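Trainee: Take a look at the following structure, please.
There are 2 protein chains.
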Amino acid sequence: MDLLIENIQKHVALTTEEQKIVLSLVEEANYKSKTILLKPSEIADTTFFILDGMIRSYTVDTNGVEHVISFAAPNWFITDMYSLISKKPAQQYLSVISDATVYKLSRENQEKLYELVPKTERFFRILIEKSVVAHQQRLIDNLSLTAEDRYTKFCDKYPKFIQCIPQKYIASYIGVTPEFFSKMKARLLKK
Amino acid sequence: MDLLIENIQKHVALTTEEQKIVLSLVEEANYKSKTILLKPSEIADTTFFILDGMIRSYTVDTNGVEHVISFAAPNWFITDMYSLISKKPAQQYLSVISDATVYKLSRENQEKLYELVPKTERFFRILIEKSVVAHQQRLIDNLSLTAEDRYTKFCDKYPKFIQCIPQKYIASYIGVTPEFFSKMKARLLKK
DNA sequence: CGCGACGTTGATTTGCCTCAACGATTGTGG
DNA sequence: CCACAATCGTTGAGGCAAATCAACGTCGCG
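Listed in order, the protein sequences are those of chains A and B. Going by this note's numbering, 170 is the number at position 159 of the first sequence; the sequence numbering is gapless. Going by this note's numbering, 54 is the number at position 43 of the second sequence; the sequence numbering is gapless.
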């Protein structure tokens with residue numbers, strides 16, 4: 012069974028006909044690790060649904076430091092929402108962490124999808140609601156937890172990521188430097 | 012013209028009939044400053060649309076320290092999205108900053124609204140998309156800017172809030188202690 | 001093999017916190 | 001209308017978590 016269809020059906024039921032429409036509006040693609048799918052100055056036109064591999068989004072600040080905004084694993088969506096909805100140049104990079112197979116959904120086709128299969132608008136509403144909750148929780152964690160607590164929480168929440176994501180990206184996601192992250196890890200091992 | 016209807020019409024057009032349905036599903040209410048509209052352990056059942064006054068949402072961490080998640084002014088929505096969609100006990104407080112008049116929209120009525128006026132589901136989708144963008148931007152700011160930069164950015168973005176919100180709440184929103192905030196302000200004045 | 005990216009470790013610095021004391025303002029009951 | 005407490009913002013001294021800078025080992029890969 013198709014991963015995307017399965018994912019959508021967790022929230023709204025689709026007829027066979029509707030499933031076909033969904034699949035007709037996405038385009039499969041393959042990307043090698045380190046491919047840049049989007050960079051600032053470009054305008055995001057695509058939402059990526061990951062079938063296999065991993066992608067991350069990140070910004071680069073005025074000092075040239077990268078800040079990982081999110082990791083996306085199979086069965087997740089990723090895009091630069093800001094650029095996608097405002098049609099202004101992106102503020103983020105989208106970059107492949109490990110060789111990836113994705114469905115590409117263009118904004119145009121996404122809007123077509125809302126018209127042809129209105130249920131999918133509900134699906135995306137629910138998806139985005141969850142995204143807000145996740146973002147809020149991460150914000151709260153950044154404001155109220157120490158780096159160490161954020162790290163152990165990350166390990167609990169995404170145990171698989173620890174093994175397959177370069178450490179410096181995890182450090183960046185947590186919100187610390189790679190050096191401090193390394194020391195922190197060593198400190199935790201002693202316990 | 013009604014503020015809520017006006018707000019919705021910025022994104023989707025409503026017939027007079029549909030406008031009536033919207034207004035029939037919300038309930039007006041008044042609250043005095045410092046009223047707690049929601050607290051952890053309760054389950055959020057209501058989305059508030061502010062007609063007048065101000066409301067804030069915040070969490071309290073394990074050390075008893077408050078962290079302001081968001082301020083809501085007239086023409087904005089506020090709720091604990093986590094509790095609302097998961098139907099689990101809230102993680103946030105919702106509290107009135109200055110005497111407020113609001114429309115209350117219960118979850119039940121919100122779902123009814125989606126059925127009776129499907130367009131409104133699009134309206135909320137768009138609204139929530141913007142919310143994701145705002146949350147991401149704030150996260151990036153917390154990761155990449157100093158407290159001073161976050162403060163000046165806040166002043167640029169919400170000049171009116173500076174005057175009408177107690178300083179300690181702004182400090183909390185920025186992510187610093189009231190003491191540090193005070194010193195920071197004094198330092199900026201010297202420039 | 002040799003280069004470059006990655007992770008580790010140490011010395012030092014710094015942004016922000018903690019604690020404590022002190023005016024100013026608010027509000028509340030007598 | 002005043003006295004008093006409570007809350008708020010300010011200021012200072014000292015402390016700590018995390019950043020910075022620098023040096024070094026390791027590994028994968030052209």
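Note that the Cβ used here is the ideal one computed from N, Cα and C, for glycine as well. If you're wondering where the values come from, they're calculated on a predicted model, not measured in any experiment.
Along the chain, where does the beta strand (DSSP E) that runs through D13(A) open and close?
Mentor: Premise fails: D13(A) is in no beta strand (DSSP E) and is neither H nor E.
Trainee: For I54(A) and S142(A), what's the separation of their Cα atoms in angstroms?
Mentor: Roughly 21 Å separates the two Cα atoms.
Trainee: Does R136(B) have its Cβ less than 7 Å from a Cβ in chain A?
Mentor: Closer than 7 Å to some Cβ of chain A, the Cβ of R136(B) qualifies, so yes.
Trainee: If the criterion is Cβ atoms closer than 7 Å, does the pair I66(B) and A111(B) meet it?
Mentor: Contact flag set, yes.
Trainee: With a threshold of 16 other CB atoms inside 10 Å of the CB of D160(B), please say whether the residue is buried or exposed.
Mentor: Classification of D160(B): exposed, given that the 10 Å Cβ count is below 16.
Trainee: Using CA coordinates, which residue listed in I19(B), V187(B), Q174(B) and L138(B) is at the minimum distance from S97(A)?
Mentor: When only C-alpha atoms are compared, the closest one is L138(B).
Trainee: In this structure, does DSSP put S109(A) in helix, strand or coil?
Mentor: Reduced to three states, the DSSP call for S109(A) is strand.
Trainee: For the alpha helix (DSSP H) that L48(B) lies in, which residues bound it at each end?
Mentor: Taken as a continuous stretch (DSSP letters only), L48(B) belongs to no alpha helix (DSSP H), being part of the beta strand (DSSP E) at I47 to L49.
Trainee: Please report the distance separating the alpha-carbon of D167(A) from that of L34(B).
Mentor: Spanning the two alpha carbons is a distance of roughly 45 Å.
Trainee: Helix, strand or coil for A83(B), going by three-state DSSP, please let me know.
Mentor: Note: A83(B) maps to strand in three-state DSSP.
Trainee: Please confirm whether S81(A) and S68(A) have their CB atoms less than 7 Å apart.
Mentor: Yes, Cβ-Cβ distance for S81(A) and S68(A) is below 7 Å.
Trainee: Spell out a yes or no on whether the segment 31–47 of chain A and the segment 112–122 of chain A are touching, meaning 3 or more CB-CB pairs, one atom from each, closer than 8 Å.
Mentor: Yes, since at least three Cβ pairs between the segment 31–47 of chain A and the segment 112–122 of chain A fall closer than 8 Å, the two stretches touch.
Trainee: According to DSSP, which residues form a beta bridge with F59(A)?
Mentor: Answer by DSSP bridge pairing, in chain order: I89(A) and K115(A).
Trainee: Name the chain A residues that come within less than 7 Å of V9(B), Cβ to Cβ?
Mentor: Outside the displayed span of chain B (12 to 202) sits residue 9(B), for which this structure offers no information.
Trainee: If you compare alpha carbons, which of P189(A), P170(A) and I47(A) is closest to A101(A)?
Mentor: Of the candidates P189(A), P170(A) and I47(A), the one whose C-alpha sits nearest the C-alpha of A101(A) is I47(A).
Trainee: With 8 Å as the limit, tell me which residues of the segment 138–149 of chain B have their beta carbon closer than that to any beta carbon of chain A; keep them in chain order.
Mentor: Against chain A - using a Cβ distance shorter than 8 Å - the residues of the segment 138–149 of chain B are I139, E140, K141, S142, V143, V144, H146, Q147, Q148 and R149.
Trainee: Below 7 Å between beta carbons: does that hold for Q103(A) and T70(A)?
Mentor: For Q103(A) and T70(A), yes; Cβs fall inside 7 Å.
Trainee: Tell me which same chain residues have a C-beta within less than 6 Å of the C-beta of Q178(A), skipping the five on either side of it?
Mentor: Nothing listed; no residue qualifies.
Trainee: If we count Cβ pairs, one from each stretch, closer than 8 Å, do we get three or more for the segment 124–135 of chain A versus the segment 146–154 of chain A?
Mentor: Result no; under three Cβ-Cβ pairs closer than 8 Å.
Trainee: Assuming F134(A) and I32(A) make a contact with CB atoms under 8 Å, what is their CB distance in whole Å?
Mentor: Between I32(A) and F134(A) the Cβ distance is about 13 Å, and since that is not below 8 Å, they are no contact.
Trainee: To the nearest angstrom, how far is the alpha carbon of T73(B) from that of L156(A)?
Mentor: Straight-line Cα distance between these residues: approximately 9 Å.
Trainee: From M210(A) to S109(B), what distance separates their C-alpha atoms?
Mentor: There is simply no residue 210(A) to check, as chain A begins at 12 and stops at 202 in what is shown.
Trainee: When you compare the CB positions of H78(B) and S183(B), do they come within less than 7 Å of one another, or not?
Mentor: Closer than 7 Å, so yes.
Trainee: Chain A partners of Y93(B), CB-CB under 9 Å?
Mentor: V143, V144, Q147 and Q148, listed in chain order.
Trainee: Using C-beta distances below 7 Å, list every residue in its chain close to T188(B), excluding the 5 sequence neighbours before and after it, in chain order.
Mentor: A182, listed in sequence order.
Trainee: What three-state label does DSSP hand T26(B) in the structure shown?
Mentor: Looking at T26(B) - three-state DSSP - the assignment turns out to be coil, as it is neither helix nor strand.
Trainee: Taking the CB atoms as reference points, tell me whether L49(A) and D13(A) lie closer together than 7 Å.
Mentor: Result no, Cβ atoms of L49(A) and D13(A) do not sit closer than 7 Å.
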